[in-house]
Amino acid sequence: MAGSSGKLEKMSSIDAQLRLLAPGKVSEDDKLVEYDALLLDRFLDILQDLHGVEIRETVQQCYELSAEYESSRDFQKLDELGKVLTNLDPGDSIAVASSFSHMLNLANLAEEVQIAHRRRIKLKKGDFADENSATTESDFEETLKRLVTDLKKSPEEIFDALKNQTVDLVLTAHPTQSVRRSLLQKHGRIRNCLTQLYAKDITPEDKQELDEALQREIQAAFRTDEIRRTPPTPQDEMRAGMSYFHETIWKGVPKFLRRLDTSLKNIGINERVPYNVPLIQFSSWMGGDRDGNPRVTPEVTKDVCMLARMMASNLYYSQIEDLMFELSMWRCTDELRVRANELHQSTRKDAKHYIEFWKHIPANEPYRVVLGDVRDKLYNTRERSRHLLANAVNDIPEDLTFTSIEQFLEPLELCYRSLCACGDQPIADGSLLDFLRQVSTFGLSLVRLDIRQESERHTDVMNAITTHLEIGSYRDWSEEKRQEWLLSELNAKRPLFGSDLVKTDEIAEVLDTFHIIAELPSDNFGAYIISMATAPSDVLAVELLQRECHVTKPLRVVPLFEKLADLDAAPAAVARLFSIDWYRNRINGKQEVMIGYSDSGKDAGRLSAAWQMYKAQEELVKVSKQYGVKLTMFHGRGGTVGRGGGPTHLAILSQPPDTINGSLRVTVQGEVIEQSFGEEHLCFRTLQRFTAATLEHGMHPPISPKPEWRALMDELAVVATKEYRSIVFQEPRFVEYFRLATPETEYGRMNIGSRPSKRKPSGGIESLRAIPWIFAWTQTRFHLPVWLGFGAAFKFALEKDIRNFQVLKVMYNEWPFFRVTIDLIEMVFAKGDPSITALYDTLLVSKDLWSFGKRLRDNYEETQNLLLQVAGHKDLLAENPYLNQRLRLRYPYITTLNVSQACTLKRIRDPDFHVTLRPHLSKEIVDSTKEASELVKLNPTSEFPPGLEDTLILTMKGIAAGMQNTG
1 MAGSSGKLEK MSSIDAQLRL LAPGKVSEDD KLVEYDALLL DRFLDILQDL HGVEIRETVQ
61 QCYELSAEYE SSRDFQKLDE LGKVLTNLDP GDSIAVASSF SHMLNLANLA EEVQIAHRRR
121 IKLKKGDFAD ENSATTESDF EETLKRLVTD LKKSPEEIFD ALKNQTVDLV LTAHPTQSVR
181 RSLLQKHGRI RNCLTQLYAK DITPEDKQEL DEALQREIQA AFRTDEIRRT PPTPQDEMRA
241 GMSYFHETIW KGVPKFLRRL DTSLKNIGIN ERVPYNVPLI QFSSWMGGDR DGNPRVTPEV
301 TKDVCMLARM MASNLYYSQI EDLMFELSMW RCTDELRVRA NELHQSTRKD AKHYIEFWKH
361 IPANEPYRVV LGDVRDKLYN TRERSRHLLA NAVNDIPEDL TFTSIEQFLE PLELCYRSLC
421 ACGDQPIADG SLLDFLRQVS TFGLSLVRLD IRQESERHTD VMNAITTHLE IGSYRDWSEE
481 KRQEWLLSEL NAKRPLFGSD LVKTDEIAEV LDTFHIIAEL PSDNFGAYII SMATAPSDVL
541 AVELLQRECH VTKPLRVVPL FEKLADLDAA PAAVARLFSI DWYRNRINGK QEVMIGYSDS
601 GKDAGRLSAA WQMYKAQEEL VKVSKQYGVK LTMFHGRGGT VGRGGGPTHL AILSQPPDTI
661 NGSLRVTVQG EVIEQSFGEE HLCFRTLQRF TAATLEHGMH PPISPKPEWR ALMDELAVVA
721 TKEYRSIVFQ EPRFVEYFRL ATPETEYGRM NIGSRPSKRK PSGGIESLRA IPWIFAWTQT
781 RFHLPVWLGF GAAFKFALEK DIRNFQVLKV MYNEWPFFRV TIDLIEMVFA KGDPSITALY
841 DTLLVSKDLW SFGKRLRDNY EETQNLLLQV AGHKDLLAEN PYLNQRLRLR YPYITTLNVS
901 QACTLKRIRD PDFHVTLRPH LSKEIVDSTK EASELVKLNP TSEFPPGLED TLILTMKGIA
961 AGMQNTG
């Protein structure tokens with residue numbers, strides 16, 4: 001490493017540009033620029049050591065040009081930057097793209113450390129009004145105080161509401177997490193080093209060692225290949241998702257529940273949250289979501305279920321000995337002593353399946369004897385799952401394992417009752433209570449796996465059955481005839497079909513999935529989601545298939561309404577479903593309905609989709625109340641605003657009144673999983689946000705919109721939908737423009753998910769999944785699916801009646817739903833840059849489409865101005881200086897990657913576009929950058945010229961890191 005004086009000299013230019021670009025300190029405890037500069041300093045020294053002075057100077061030159069562009073908005077700077085980047089040889093191009101991608105990741109880490117630093121300071125001061133509190137945070141204790149003090153709710157009311165509340169977080173493997181797991185772990189260590197470096201009372205020796213560790217981890221991250229060379233399998237995705245349980249969630253849940261106990265005690269509740277209250281639950285789609293993913297087979301579903309059970313047993317087993325060590329008491333109830341004596345005196349015929357350590361425990365340690373038996377059964381449960389996962393011979397009898405959560409809880413509850421009865425409740429409320437809470441939360445399956453399949457696939461099966469029975473074509477039947485036949489079969493006792501049913505591979509896959517559900521323990525599964533649901537027959541068909549495939553404990557069936565027309569028709573469809581006596585008896589007064597943010601947004605744009613989902617939820621609640629059914633809304637949110645993303649607190653508190661009512665399911669997708677559970681403090685904050693906001697929504701619902709607001713929103717939605725669809729679906733050359741102006745066609749090369757980007761490979765925009773649709777526009781910083789339609793809607797309202805301007809301002813100030821919608825779009829505009837989009841057009845789009853791109857950018861500018869007028873803001877993010885600061889620090893990194901990406905796409909798509917090596921590069925310099933050129937060999941099979949594919953993928957990953965919410 002270079003000496004410190006040399007580092008400061010080399011850093012001076014880039015550091016000066018960074019500090020010139022960055023706004024002043026937002027508060028006294030603002031250290032963001034300092035954190036960012038330190039990480040950048042360390043990285044540039046590492047870059048020089050690995051790739052030479054030339055690469056470092058190139059990186060610095062690119063940064064400076066980007067910084068100058070950001071401060072001046074001079075398009076000429078982008079041109080200069082493009083010339084620097086296109087004159088790089090393939091190896092250097094990869095090295096530069098990788099450098100900026102890593103620098104963006106480091107900038108994100110600096111932000112995380114700064115946010116955590118400020119939160120700690122605020123909590124110490126007892127001041128919760130930091131940058132995240134009023135608008136995006138839900139501190140549980142502060143929420144309780146507000147409910148008691150401001151809203152005059154009694155502590156008993158709050159406690160009762162909390163005990164009847166459930167939040168189910170559903171982890172999904174949607175391909176939006178572009179950072180490899182191995183890199184995420186290294187980033188975590190960098191974050192920890194940076195945090196400790198700025199801790200108080202750190203010694204000089206500690207500081208030196210931490211600084212060395214920081215440089216080591218930054219170099220390890222930089223030397224790790226960012227690119228996934230092969231797509232992940234569904235099992236890989238599941239393992240990646242489950243790793244968060246190992247690292248944060250498993251221990252985070254009892255820690256969070258213990259904090260809830262403390263917060264409740266502070267408002268006068270001297271009772272702990274019961275361990276068997278399902279306050280927080282976890283589910284998964286990883287290995288169960290087969291909608292459009294041919295790689296999710298019945299065998300995959302079985303594998304992920306067994307893998308999760310094995311992981312759960314491992315986690316419990318790793319803790320049970322600690323619990324045994326703690327519970328060394330000899331006083332116990334007669335009930336417990338009898339059980340301990342029975343275990344001591346018993347002999348096992350199947351001794352080979354028992355560890356039997358507990359046999360050596362003295363009889364005067366009864367708790368250890370009982371827990372020793374629990375440990376043995378956990379061992380056998382784990383081994384049984386391991387054998388099933390490996391398709392090995394399984395000779396472990398079921399009675400020597402745990403097969404239900406009730407079996408598992410019973411000895412633990414026995415120990416808890418005994419301790420309390422003997423005056424040792426403080427001991428019972430220690431590790432044993434934490435363990436009981438873990439068992440109640442995670443069960444034997446760790447997470448419950450949802451199954452998702454498209455309605456059309458079930459229709460195919462039913463059509464095959466009716467054709468085989470020679471009673472007609474199910475596909476051609478009316479909805480009424482379908483319902484009539486399905487109900488007659490559901491009430492019949494004979495089998496519907498036999499082994500002679502003619503099956504295509506697709507039909508066999510659907511039926512085999514139901515057979516796997518029947519074969520595996522029922523606690524492995526959660527809900528059966530029907531995507532593209534439109535009618536009651538979609539639900540009844542799944543119920544019939546579960547019966548025919550001998551599913552003894554049928555999964556609850558959840559229709560998913562996604563497109564605008566389906567959302568509009570959803571209340572009527574659910575009402576027809578509830579009017580069926582057979583179905584109403586089946587559901588026992590409970591129904592779950594899922595609403596999809598992704599396809600509705602792609603179908604009609606953000607404004608219309610958000611309003612239609614708001615109204616659909618209101619109507620669904622009315623229908624449920626009419627039939628005496630408790631409704632749970634399942635929100636299929638993504639990470640980006642275009643797919644329902646945004647701060648958790650705001651998302652929940654902006655939902656219509658009575659639509660949550662203490663019961664909420666929500667997807668946690670892609671990169672949002674890392675943002676929510678990647679670190680211990682993030683896990684704690686996530687659980688706190690969901691719990692507090694759900695409680696507040698139930699006890700202090702947001703206001704309902706006034707009639708005049710509804711009328712205006714209806715008009716706005718109609719105009720916005722018309723504008724959106726006239727461009728996206730009716731403009732003859734829109735698809736051509738989209739595919740030229742964005743890296744959509746190259747998206748699949750990132751290998752960040754197991755699922756294809758299209759439902760139908762030959763389809764157009766309508767078949768493109770919402771994730772790559774959003775991802776592609778995010779890459780070019782245009783975000784078209786999010787804002788398109790807003791401008792036309794606002795312009796219509798103001799031209800129709802100037803008084804609507806005041807109405808819109810009142811809506812923004814008083815109605816949470818409308819304010820959240822506008823604020824999130826404003827945040828998206830702050831991340832956008834039409835000049836960058838213009839660069840993509842100039843390089844990639846045919847000249848006869850340039851006027852179309854210009855028209856869209858004019859629409860962007862007009863929409864942004866109208867939005868600011870409605871919000872009453874002079875500038876973007878004027879009300880959020882912290883986010884504004886963070887974005888401004890990121891811009892130079894992102895801009896360089898944008899220019900690199902546009903130039904690389906040009907070179908990939910236009911074989912006649914040639915550049916020459918920089919003329920001033922001598923042979924010695926080329927030799928000194930041999931390390932960079934070696935990077936080209938990492939992808940020798942690419943169909944593109946050397947280095948271009950890797951450069952492109954690195955720019956995609958870097959921009960995704962800079963935008964943060966990409967999918």
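Residue 1 is where the sequence shown starts when you use the UniProt record's numbering, and the numbers rise one by one after that. We put the CB at the ideal spot given by N, CA and C, even for glycine. Predicted, not measured: the structure shown is a model, and the values here were computed from it.
Beta carbon of residue i nearer than 8 angstroms to that of residue j
| i | j | result |
| --- | --- | --- |
| Leu144 | Ile267 | yes |
| Ala541 | Leu631 | no |
| Leu184 | Glu674 | yes |
| Leu948 | Thr904 | yes |
| Pro559 | Glu618 | no |
| Ala797 | Leu687 | no |
| Glu543 | Arg586 | yes |
| Ser98 | Leu954 | yes |
| Phe690 | Gly252 | no |
| Ile530 | Gln453 | yes |
| Phe525 | Leu449 | yes |
| Ser385 | Met286 | no |
| Glu54 | Leu65 | no |
C-alpha distance - residue i paired with residue j, whole-angstrom precision
| i | j | result |
| --- | --- | --- |
| Lys795 | Glu708 | 18 angstroms |
| Leu952 | Leu171 | 29 angstroms |
| Ser537 | Asp599 | 22 angstroms |
| Ala240 | Arg637 | 20 angstroms |
| Leu843 | Ser900 | 11 angstroms |
| Leu808 | Val718 | 16 angstroms |
| Thr149 | Pro155 | 10 angstroms |
| Trp330 | Ile320 | 18 angstroms |
| Tyr882 | Val369 | 56 angstroms |
| Lys957 | Ala428 | 49 angstroms |
| Glu112 | Ala830 | 20 angstroms |
8 angstroms CB neighbourhood of residue i in its chain, flanking five on each side removed
| i | result |
| --- | --- |
| Leu446 | Met242, Phe245, Phe282, Ala308, Arg309, Met311, Ala312 and Leu315 |
| residue 982 | Absent from the model: residue 982. The displayed extent of the chain is 1 to 967, so no value can be given. |
Residue i - DSSP class collapsed to helix/strand/coil
| i | result |
| --- | --- |
| Asp875 | coil |
| Tyr198 | coil |
| Lys590 | strand |
| Val148 | helix |
| Thr143 | helix |
| Phe282 | strand |
| Arg118 | helix |
| Gly498 | coil |
| Phe222 | helix |
| Ile269 | coil |
| Ile227 | coil |
| Ala492 | coil |
| Leu449 | strand |
Residues near residue i in its chain [Cβ-Cβ closer than 7 angstroms; skip 5 each side]
| i | result |
| --- | --- |
| Ala573 | Thr534, Ala535 and Pro536 |
| Arg42 | Leu214, Gln215 and Ile218 |
Any chain D beta carbon closer than 8 angstroms to residue i
| i | result |
| --- | --- |
| Glu680 | No chain D appears in the structure shown, which is made up of a single protein chain. |
Residue i, enclosing alpha helix (DSSP H) - first and last residue
| i | result |
| --- | --- |
| Gln669 | Careful: Gln669 lies outside any alpha helix (DSSP H), inside the beta strand (DSSP E) at Ser663 to Gln669. |
| Glu321 | Pro298 to Glu326 |
Segment limits, beta strand (DSSP E) that includes residue i
| i | result |
| --- | --- |
| Met633 | Lys630 to Gly636 |
| Asp168 | Thr166 to Thr172 |
| Gly526 | Phe525 to Ser531 |
Chain-order list of residues whose beta-carbon lies under 6 angstroms from that of residue i (same chain, five-residue window excluded)
| i | result |
| --- | --- |
| residue 974 | The displayed coordinates of the chain run from 1 to 967. Any statement about residue 974 would go beyond what the structure contains. |
| Leu169 | Phe282 and Val668 |
| His783 | Trp777, Val828 and Gly832 |
Any non-hydrogen atom of the ligand HEM closer than 7 angstroms to residue i Cβ
| i | result |
| --- | --- |
| Ala610 | In the structure on display, the ligand HEM does not appear, and there are no ligands present to speak of. |
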